[in-house]
Structure formats: structure tokens, C-alpha cells
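Asks:
Numbering (the working numbering), first residue to last: 519 to 725.
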């Protein structure tokens, strides 16, 4: 799990580059601030991690990112993403490395925290509709016999499919649930930001 700070910079750059798109998307079903909030949160996360004396261990870095998101991202996304990063950081140990097993464990921890905090499940038109399909690619029954990069690539495809799925369903959680059936036809902003974050990490690791 080396170069975690560089990976954060890559993810932050991707979110910041797409902030207007995310905000426009959110304006169709929510408060219209998701992109701005996410960009502010990741800038804050970069500043916090920049000040850390030791960024070689993923656990403390992931927890620092999570706390920065909780304190700087408005709306529902901050507490949800923040809880996910913090819990993933807590799940790190001496056996945490850049491999399929560790990725599965950290994704599972993050998703469980998000589900607990948001009381949401797959099919509610949230970030989980992207994160859960990503995680499923890393499960032993799906990853067996595949290299890390094969699994990462499959998960990138699954993320896109998850986002597309959110266009076909009505929102049942968050601000978008207030518009109900009228949210059909629009991608969920949280699902999209999850895809952007994952694909930025994938491209960073690939390069």
C-alpha cells in the first residue's frame, strides 16, 4: 500500500475536475451542491494528509481522509463517505497490502459503515449501487484465478454498470427520494462520484 498520498492526489484531481458535472447532476434531483462539496472535502483531505509526518501506513491516512470529509463535505455525502474511509482505515493491519484480499476487506469495511450510517441498501439509488458491484468483483468466488489488475478492470466496468442502473430506478433515500419517480432517468450523483473516485484510483494503479 505504498504511495497512498499520490493515490489521494489522483482521486482528488478527478473529483475536482468533475465537480461541475456532479453539481449539475445533483441539481436535477437534489440540492445541487454535491460536486462543490466533494471538491472542497478532497482539498481539505489533501491538506490534512500533507501535514502528516508519516504517510507510509494506509490506516492512519485513510482515517485522516475520512475525518476531513466528515468535517468539510456538506449534505449526506460527507458523513457517508467519511464513515467509509474511517472504517476502511480501522480495518488496516500488518497484512494490508495492495492485493485482491486487502482490497476486498477494505471495501467491505467501508460499505458496511456506509450502510449502517445511511440505512441504505443496493437498489435505493445511492453510492452503494456503485460500491457494492465494485466490491463483488473482489470476492473470492469472482476473483479466483485472476490478477489484481484483471479484478481492478472488471470492477471499473461494474462501477459504470452500477451508475447506469441508478438511471432506471427511483430514489428511496436522501434528498432525491422527495422527487421519487421523477428521479428515474437521472444518474445518482453519489453513484457517479463513487465511480469517479474508483476509476481514478484504478488509472493511478495501472500507470
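The C-beta atom is built at its ideal place from N, Cα and C for all residues, glycine as well.
(1) Just confirm the distance between the C-beta atoms of residue 711 and residue 552, as a whole number of angstroms; I'd bet it's less than 8 angstroms.
(2) With DSSP collapsed to three states, give me the class of residue 535.
(3) For residue 620, is the classification buried or exposed, using 16 other Cβ atoms within 10 angstroms of its Cβ as the cut-off for buried?
(4) So, with DSSP's three-state summary, where would you put residue 656?
(5) Would residue 662 be called buried (16 or more neighbouring beta carbons within 10 Å of its own) or exposed?
(6) Taking the alpha helix (DSSP H) that residue 596 falls in, what are its first and last residues?
(7) Measuring alpha carbon to alpha carbon, tell me which of 670, 684, 706 ends up nearest residue 716.
(8) What is the rounded straight-line gap between the Cα of residue 687 and the Cα of residue 618?
(9) Between 667, 611, 598, which has its C-alpha nearest residue 635's C-alpha?
(10) Taking one C-beta from the segment 703-710 and one from the segment 535-549 each time, how about it: are there three or more such pairs within less than 8 angstroms?
(11) Within the continuous alpha helix (DSSP H) that includes residue 590, where are the two ends?
(12) For residue 725, name the three-state secondary structure that DSSP assigns.
(13) So does the segment 533-542 actually touch the segment 555-562, counting three or more Cβ pairs closer than 8 angstroms?
(14) Determine the burial state of residue 724: buried for a count of at least 16 other Cβ atoms within 10 Å of its Cβ, exposed for fewer.
(15) Considering only the alpha carbon of each residue, which of 575, 600, 572, 683 lies closest to residue 563?
(16) Are the beta-carbon atoms belonging to residue 645 and residue 677 less than 8 angstroms from one another?
(17) What does the Cβ neighbour count give for residue 596, buried or exposed, with the cut at 16 atoms within 10 Å?
(18) CB residue 580 to CB residue 603, shorter than 8 angstroms?
(19) I need the straight-line Cα distance from residue 664 to residue 656, nearest angstrom please.
(20) Please classify residue 653 as buried or exposed, where buried requires at least 16 other C-beta atoms within 10 Å of its C-beta.
(21) Sort 721, 681, 521, 585 by Cα distance to residue 615 and report the nearest one.
Replies: Quick look at the numbers:
(1) 7 angstroms
(2) helix
(3) buried
(4) helix
(5) exposed
(6) 595-608
(7) 670
(8) 31 angstroms
(9) 598
(10) yes
(11) 576-590
(12) coil
(13) yes
(14) exposed
(15) 600
(16) no
(17) buried
(18) yes
(19) 10 angstroms
(20) buried
(21) 521
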